[in-house]
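Numbering (the working numbering), first residue to last: 2 to 86.
Shown next as structure tokens:
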């Protein structure tokens, strides 16, 4: 593997992690919105059992943590963000 492929691979993985973080947060916000409006379709998202609102909040925290872990900063700031994440 060449040295030029490693930064490209890291960028692709970082982008995938950010997309996953946004997806998780988006689904969790939809579920919370469903609980707020009492819409069964949004509470369960096509499943038979509704998601607990606290689970949706945990998904938001998890998505935020993943977003922080996928940051591309200088080493000191990256360590601080990863510690928080």
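Glycine included, every Cβ here is placed at the ideal spot set by N, Cα and C.
Would residue 20 be called buried (16 or more neighbouring beta carbons within 10 Å of its own) or exposed? exposed
Is it right to say residue 48 is buried, meaning 16 or more other beta carbons lie within 10 angstroms of its own, or is it exposed? exposed
Selection from 81, 63 and 70 that minimises the alpha carbon distance to residue 15: 70
Just verifying my parser: in three-state terms, what is the DSSP assignment at residue 17? helix
When we look at the beta-carbon of residue 42 and count the other beta-carbons within 10 Å, is it buried (16 or more) or exposed? exposed
Roughly how many angstroms lie between the CA atoms of residue 9 and residue 38, to the nearest whole one? 43 Å
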